[in-house]
Structure formats: structure tokens, C-alpha cells
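Heads up: the sequence lines are chains A and B, in that order.
Counting in my numbering, the first sequence runs from 1 upward without gaps.
Counting in my numbering, the second sequence runs from 157 upward without gaps.
No residue lacks a Cβ here, since even glycine has one placed at the ideal position from N, Cα and C.
2 protein chains.
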Amino acid sequence: MEPTRWLTHDEHRLWRSFLDATRMLFQDLDKQLVRDSGISFADYEILVLLSEAEDRRLRMRELSDASTTTRSGITRAITRMEAAGWVQRAECESDKRGAWAELTDKGAATLASAGPGHVAAVRATMFAVLSPDDITVMADAFTAMRDHIQLHRRSG
Amino acid sequence: MEPTRWLTHDEHRLWRSFLDATRMLFQDLDKQLVRDSGISFADYEILVLLSEAEDRRLRMRELSDASTTTRSGITRAITRMEAAGWVQRAECESDKRGAWAELTDKGAATLASAGPGHVAAVRATMFAVLSPDDITVMADAFTAMRDHIQLHRRSG
DNA sequence: GAGTTATAGTTGCGTCGTCAACTATCTGTT
DNA sequence: AACAGATAGTTGACGACGCAACTATAACTC
């Protein structure tokens with residue numbers, strides 16, 4: 001058993017500010033979307049994924065992988081969003097177990113109307129304080145983190 | 157109405173990787189704590205705050221501010237943790253409305269036993285891929301973000 | 001010092017998300 | 001072809017958290 005390596009001063013400074021800033025950021029983005037467009041941040045992201053997909057549709061499984069939530073979470077989210085008229089389920093011909101989630105015109109319209117306000121909020125809260133160099137460094141860092149965590153998950 | 161400034165390539169790269177990495181990171185840290193020490197990430201953070209406080213106690217309000225959750229969330233968390241024996245409520249002499257949340261010896265012991273595994277997980281998932289320069293840049297960036305968001309919240 | 005306003009903490013209600021179990025279907029092995 | 005094991009999606013039970021409403025106390029104003 002190695003002795004514990006506690007965080008250095010700078011590591012601790014990063015860790016605390018990262019936790020605080022991230023939570024506040026997500027809270028504020030969610031509130032902005034709900035207030036201005038009646039849609040949660042989580043649902044907004046699902047609409048984005050669908051809008052970028054071929055034929056504006058994805059399998060439930062693909063959605064859960066891409067959105068970092070569980071399959072059951074996606075089931076419930078799509079059920080909600082189907083009730084709102086933003087998406088619809090469609091039978092999957094090639095795999096009878098499966099189901100497509102398709103973006104509807106209404107969902108696309110909702111996304112289009114929510115987009116500008118959301119991007120403005122992202123700019124106002126996050127990018128307003130970042131230099132171009134910061135953005136490059138952090139994009140590399142978080143890409144590496146994502147890949148690292150994903151790799152680590154498979155093995156252990 | 158300004159035309160919407162969508163994200164540049166690098167901004168988008170940062171935004172996506174930040175969202176994905178952050179979610180996976182929090183999920184993995186929570187699972188590690190629950191699995192190895194029977195405590196959630198959220199509760200762990202409350203124990204940390206209490207352990208660092210004078211006399212190992214904080215007002216409910218201070219806890220909710222410091223942990224970026226609502227007062228009602230803190231009420232419920234402290235109730236749970238009181239049942240687990242990690243904290244106890246104490247009457248506040250100087251403000252009859254108020255209540256202290258105090259860390260118990262058992263809570264301190266739980267924190268001490270969970271700490272090393274948690275720090276190791278934080279190192280393994282986050283700091284493993286960051287250079288010292290990355291850490292400095294990102295600590296400055298997130299500190300600025302936190303301050304910026306906090307300022308922005310007050311004004312409306 | 002009486003009355004208004006603000007603040008501390010709790011609670012009811014609703015929503016969201018996870019886990020574990022389940023059904024239906026697909027895939028690989030013999 | 002038949003069966004064992006994986007995979008897709010759903011559901012029930014449960015826990016966590018936010019909002020809004022409520023009580024009690026404090027702080028401010030006249």
C-alpha cells in the first residue's frame with residue numbers, strides 16, 4: 001500500500017474551482033433553457049444528438065452511449081419528449097428488439113428556437129473568461145480525459 | 157437582436173469534451189466512493205466541508221452555499237447523514253432560527269477511511285492526463301469562471 | 001417598541017435518474 | 001437446427017434534489 005499522495009496546492013486549486021464552476025455552470029444553463037424555452041438541458045442535448053444524426057434518428061442504445069446516461073434514463077426521457085411532441089419512436093426493421101427515436105418537425109423547431117439563447121448563455125458563462133490559448137489547452141485536456149476514462153472503464 | 161455567434165471549431169471541441177469528460181468523471185468518482193466506502197460523492201463533499209470548518213461544524217446555510225446545492229437539499233442530506241451517524245445537529249445559541257451541523261467522530265473516521273481511495277481515483281481519472289502547465293492554466297480558468305458566474309448571478 | 005421585511009430551516013410535492021429484474025430478440029457454438 | 005449466452009428496450013422500486021409554501025426568529029424602520 002503506497003502512502004496517499006494528497007493533492008498539491010495547484011491541484012487542489014484546480015479541483016475545487018473545477019467542481020464549483022462546473023456545478024454552477026450546469027445549473028445556470030439548465031435554468032436558462034427551462035425559463036426561455038421550456039426544455040431541460042438534458043433534453044436539449046438529446047435533441048442536438050438527434051438533429052445531427054443521419055435521418056434525424058438514433059437507436060435508443062446509441063443515445064444512451066452518446067449522452068452518458070443509462071438506457072432506462074433514455075427510455076424515460078424519450079417517453080417524456082414523445083409526449084411533448086418533440087420525438088417519436090419508430091420500429092427498427094433490421095433488429096426487432098430495437099427502436100428508433102426520431103426527431104419530429106416540432107422537435108426541430110423547438111431546438112432551433114432554443115439554440116441561440118443557449119449558445120449565448122454558454123458564451124456568457126464559460127467562453128467569456130477564456131482566451132483562445134485557454135480554449136486550445138482545455139480542449140486537448142478534456143479530450144484526453146474523456147478518452148482516458150473511457151479506456152479505463154472498459155478494462156476495469 | 158444580434159445574429160447568433162455559434163461556436164468555433166475549437167470552442168465546440170472544448171464544449172463537447174468538457175461535457176462528456178465531466179459527466180463520466182463524476183459518475184466514476186461517485187461509484188468508486190459508494191463501492192469502496194458506502195458514501196456518495198455529494199455526502200463526501202459535505203464531510204470534507206465540515207472537517208475543514210472551525211470546531212468541525214457549519215450552519216446549514218453555510219453548507220448550502222459552499223456546496224452549491226439548495227437549502228432543502230442540505231436539510232435532507234444532513235438528515236440522512238445524521239441517521240448514518242456521521243453528523244449531528246446542534247442548537248445555535250446566537251441565532252434561535254439556526255442549526256449547526258457537526259461532524260461526529262464516526263463521520264471523521266468515515267472520511268479518513270474514504271479519503272485515500274477517493275484521492276487516488278481523482279488522480280487516476282483527472283490528473284493522470286494533465287501536465288503541470290495544464291493544471292495551472294485550468295486552475296486559473298475555472299477560478300475565473302467560478303467568480304464570473306457568481307458575480308453574474310448576483311446582478312441577475 | 002410596534003410593525004414590516006428579510007432570513008434560517010423544514011416539508012410536501014413533483015420530476016428526474018439509477019439499479020435490478022424482466023421480456024424479446026439476436027448471435028455464436030455444436 | 002437447437003440451445004446458451006449476449007444485447008435492446010422497458011418497467012417497478014427507490015433515492016436525490018429542486019421549487020414553493022410554511023413557521024419561527026432576527027433585523028430594520030418609523
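Near chain B, meaning a CB-to-CB distance below 7 Å, no residue of the stretch 34-66 of chain A qualifies.
For W171 (chain B), the uninterrupted alpha helix (DSSP H) segment begins and ends at 165-193. Annotation: the continuous alpha helix (DSSP H) that includes L267 (chain B) extends over 261-281.
The CB of D290 (chain B) comes closer than 7 Å to the CB of V137, A141 in chain A, given here in chain order.
For I230 (chain B), same chain residues with a beta-carbon under 6 Å away, outside a window of 5 residues either side, are M216, L219, S220 in chain order. F298 (chain B) and L14 (chain A) have their C-alpha atoms roughly 7 Å apart. If you look at A77 (chain A), you'll find it in the alpha helix (DSSP H) that goes 71-83.
Within chain B, the residues placing a beta-carbon under 7 Å from that of T22 (chain A) are T178, ordered along the chain.
Against chain A, the beta carbon of A284 (chain B) has neighbours under 7 Å at H148, listed in chain order.
The beta carbons of L185 (chain B) and F197 (chain B) sit closer together than 7 Å.
E247 (chain B): member of the beta strand (DSSP E) spanning 243-247, first to last residue. Taking C-alpha positions only, T69 (chain A) is separated from T281 (chain B) by approximately 19 Å.
Nearest to P159 (chain B) by C-alpha distance, out of A:Q150, A:E2, A:G117, is A:G117.
The beta-carbon distance between A270 (chain B) and L189 (chain B), rounded to whole angstroms, is 6 Å. This is short enough to meet the 8 Å contact definition.
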